[in-house]
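Participant: Residue numbers (this note's numbering), protein chains in the order written: chain A, 492 to 791; chain B, 532 to 856.
If you scroll down you'll find the structure; I have some questions about it.
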C-alpha cells in the first residue's frame, strides 16, 4: 500500500533522474519501487487470472479438471468448444447477439449523431432542457426497467422480438452516446464548417465530410460501447425474451448452467470464453478509445 | 482568493463553492450569434427528436409507469388491477422476504464498496506510478468491463470451486483447507462480493487514476521536502485532492452493485439458505417467478429511491471534504 511517489516515474525520464542523484545505486532504485511492482503484479493476476483459468479449464476434458487442476492442460483439447458450437442454443444465441449488437450500434449512431450535432451547434429554445432530458436517465438502472418494460412490451405486443431489444438497448446507451458526442463535436472548430458553408455546402454535407471524419474516434467508442451494452446485457434479455430463438448469449449461458450439469465444467468455461470473442478481435484497436470513453462518460 | 482567506479566518470550514451547473454552458460554441451556421429554427428539433423520443419512451416513461403501477394491485394473477394507494409499499415494511433482501443488500453493497474502493485505490496509485513502458497495464484493467456479468459469474464459479478451483489451490499452499464456497452462507457472500468487484472495478480504477493524474506534482514535491513519507503523501495529499473522483467512483460502485442481478443470480442464485438473496433477486423473483408484478414495481421504486439517496449522500459527503479544484 505504501506507494512511493517517485519522481523518476515522471516524464522527465529515468536516465536524467539518475544523473541528478547519481550516488544512488540502481539496485536501491528498483528496491524502492517494490511497493509499486507488487500491486501492479496483483493487478495483472486479478484481471487476467480468472480468464486464463477459464481458458485452461475449457481446454481440458471434464475428468481432467478434477484430476489435474494445473493451469496448463496436459493434453489440450478443443472438445468442449466443439460441444458448445454444436449446440443449437449457442449458435442461435450467438447470431442473435451479433444481430442485436450490430443493430444497436448502428441505431445508436444514427440517432445520436444528429441529436449531438443539434445540441452542439444550434442554439434553440429548450436546448438545455432537452439535453438534460436526454442525459439524466443515464442514472436509471436496467434492473429498474425490467418490470415496467416487460409490461409495456406485453401491452404493445413487442415481447420476444429482436427489434424490441435493439430499441431498448439503444435507449440504454443513448444518454452516454449523446453526452460523448456533444463534447466531441463542440471541440471541432466551428470555423471549418463556416468555411464550408461559405462555399455553399449544406448541413448534411458538412456533417458527412467535416464532422463525422473528425469525430471518428468518438464514433468508434460509441459503437463499441453500444455493441457491448447489447452483447452483455442480461437483465432486460431476461425480462423481454421468452423463446430460445430470441435470446442472447448471457441468457443462454445462464440457462446452460442447469442444462449441462456441474460435471461438464469445460463446456461452461468454453461458452464463457466464446462470449468474449468479438472483444478479443477488436481489443487492441479499441482499448484506448474505450478507456477514454468510459472515463469521460461516468465522470460527469 | 480574497474571499477565501477572509472566510478561513472566521471558520475552519471552507466557504461553500458556488453551485456548479449540472451541464456547463459552452462558452464560444452554440452561443455565437454571428456564426453563419446553426440558425435554422426547426432543424435542431428535428435532429434531436429521435433520441429524445427513444430516451423518453424507453427510459423516462417506464419509471413513471412503474411509479404509477405500484399504486395498484391485482387480487389474483391476471385479475383486474385495483387502486390500493401506498398499500404495496406499506406491505413491504412487514414483508420478511423484502427486509431480509434489504439486509443482504446492505452487506453486499457495503462489502463491495469497502473491498472495491480500496482495491481500486491500490491499483490506481500503482498505475499512476508505473513507468511509460507499463502504460499498457492501464488498458488491461478494462478487460473485465468487456465480460458480461453472467460470464464473470461462470468464471468465478470455476475459480471458487472447492475441489479444483484456483482459489482453494492457493489457500492450500498455506497449509489450510479452503472452504466449500457455495455451501456456506458467509463464504458464498464473500464469493459474490469478489465477483461483483471484479466486474465493476475497471471504471473505479480509471476514475481514481484520472484524479491522481490531475494532481500537481509540485504539491507532492513540497510534501516530500517537508519530510512526508510515501504513505503520508498518499493519505494526506493525494487522497484529499481526489475526493471528487473518489466520490464519483463510490457512487458508481454503489449504483452498479445495488442494481446487479446477473452476477449474483448466475453465481449463487441467491443461496445457500437465501444468504445472497439481494434486492435485485427479490425483485426478479417477485416479478417473474411469483408473478406479483405490481408489488415488484414497488420494489423497483424502492431500488431507484435507494439509488438516489446513496448518490445524494456521497455527493454531499464529498462536497464537505472537497478542497476545491
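Glycine included, C-beta positions come from ideal geometry on N, C-alpha and C.
Determine, using beta carbons only, whether residue 586(A) comes closer than 8 Å to chain B.
Facilitator: no
Participant: Sorry if obvious, but does the Cβ on residue 782(B) come closer than 7 Å to a heavy atom of the ligand NAD?
Facilitator: The ligand NAD is absent from the structure shown, which contains no ligands of any kind.
Participant: Is there a Cβ from chain B that is less than 8 Å from the Cβ of residue 542(A)?
Facilitator: yes
Participant: Could you have a look at residue 823(B) and say whether DSSP puts it in helix, strand or coil?
Facilitator: Assignment of residue 823(B) by DSSP, reduced to helix, strand and coil, places it in the coil class.
Participant: If contact is defined by three or more beta carbon pairs under 8 Å, each pair taking one atom from either stretch, is the segment 658-668 of chain B in contact with the segment 756-763 of chain A?
Facilitator: no
Participant: Taking DSSP's pairing of strands, which residues face residue 685(A) in a bridge?
Facilitator: Answer is none; residue 685(A) lacks a bridge partner.
Participant: Between the segment 514-529 of chain A and the segment 728-737 of chain A, are three or more C-beta pairs nearer than 8 Å?
Facilitator: no
Participant: Put residue 561(B) into one of helix, strand or coil per three-state DSSP.
Facilitator: Note that residue 561(B) scores 45 on pLDDT, short of 50, meaning its location in the model is unreliable and no value can be drawn from it.
Participant: Report the rounded CA-to-CA distance for residue 646(B) versus residue 832(B), giving the unit in angstroms.
Facilitator: Looking at the two C-alpha atoms, the distance is approximately 27 Å.
Participant: Spell out a yes or no on whether the segment 696-715 of chain A and the segment 627-635 of chain A are touching, meaning 3 or more CB-CB pairs, one atom from each, closer than 8 Å.
Facilitator: Result no; under three Cβ-Cβ pairs closer than 8 Å.
Participant: So what does residue 613(B) bridge to, in DSSP terms?
Facilitator: 604(B)
Participant: Tell me where the alpha helix (DSSP H) around residue 752(B) begins and ends.
Facilitator: 748-756
Participant: Looking only at C-alpha atoms, which of 824(B), 823(B), 799(B) sits nearest to residue 684(B)?
Facilitator: It is 799(B) whose Cα lies nearest to the Cα of residue 684(B).
Participant: Are the CB atoms of residue 740(A) and residue 585(A) nearer to each other than 8 Å?
Facilitator: yes
Participant: Helix, strand or coil: how does DSSP classify residue 662(B) here?
Facilitator: coil
Participant: Could one say the Cβ of residue 608(B) lies closer than 8 Å to chain A's Cβ atoms, at least one of them?
Facilitator: no
Participant: Based on Cα-Cα distance, which residue from 677(B), 699(B), 572(B) lies nearest to residue 557(A)?
Facilitator: 699(B)
Participant: Quick check on the DSSP output: the alpha helix (DSSP H) that includes residue 673(A) runs from which residue to which?
Facilitator: 653-678
Participant: Please classify residue 737(B) as buried or exposed, where buried requires at least 16 other C-beta atoms within 10 Å of its C-beta.
Facilitator: buried
Participant: How should residue 608(B) be labelled, buried or exposed, when 16 other C-beta atoms within 10 angstroms of its C-beta is the threshold for buried?
Facilitator: exposed
Participant: Who are the neighbours of residue 778(A) on chain B, taking C-beta pairs under 7 Å?
Facilitator: 670, 673
Participant: Can you list, in chain order, the residues of its chain with a C-beta nearer than 8 Å to that of residue 560(B)? Leave out the 5 residues immediately preceding and following it.
Facilitator: Reliability of the predicted coordinates at residue 560(B) is poor, the pLDDT of 45 falling under 50, and the value obtained from them is presented with this limitation in mind. Contacts found: none.
Participant: Return helix, strand or coil for residue 616(A), following the three-state DSSP convention.
Facilitator: coil
Participant: Put residue 618(B) into one of helix, strand or coil per three-state DSSP.
Facilitator: In this structure, residue 618(B) counts as helix in the three-state DSSP scheme.
Participant: Round the Cβ separation of residue 845(B) and residue 778(B) to the nearest angstrom and send it over; I've been treating them as touching at under 8 Å.
Facilitator: 5 Å
Participant: So, for residue 728(A): in the same chain, excluding its five sequence neighbours on each side, which residues have a beta-carbon less than 8 Å away from its beta-carbon?
Facilitator: 656, 738, 739, 741, 742
Participant: Candidates 634(B), 658(B), 732(B): which alpha carbon is nearest residue 674(B)'s?
Facilitator: 732(B)
Participant: Measure the C-alpha to C-alpha separation of residue 658(A) and residue 726(A) and round it to an integer number of angstroms.
Facilitator: 15 Å
Participant: Taking only beta-carbon positions, decide if residue 494(A) is within less than 8 Å of chain B.
Facilitator: Legend: pLDDT at residue 494(A) = 47, less than 50; position of this residue unreliable, value from coordinates given subsequently. For residue 494(A), the answer is yes, since a Cβ of chain B falls inside 8 Å of its Cβ.
Participant: Measure from the alpha carbon of residue 784(B) to the alpha carbon of each residue in 637(B), 701(B), 644(B), then state which is nearest.
Facilitator: 644(B)
Participant: Contact criterion: CB-CB distance below 8 Å. Does residue 790(B) meet it with respect to chain A?
Facilitator: yes
Participant: What would DSSP say about residue 701(A), mapped onto helix, strand or coil?
Facilitator: helix
Participant: Of all Cβ atoms in chain A, is any one closer than 8 Å to the Cβ of residue 756(B)?
Facilitator: no
Participant: Pick helix, strand or coil for residue 749(A), following the three-state DSSP scheme.
Facilitator: helix
Participant: Out of 656(B), 806(B), 682(B), 791(B), point me to the one whose CA is closest to residue 745(B)'s CA.
Facilitator: 656(B)
Participant: I'd like the list of long-range same chain contacts for residue 545(A), defined as Cβ closer than 7 Å, with 5 residues on each side in sequence excluded.
Facilitator: Non-local C-beta neighbours of residue 545(A) in its own chain, meaning closer than 7 Å and more than five positions away in sequence, comprise 760, 763, 764, ordered along the chain.
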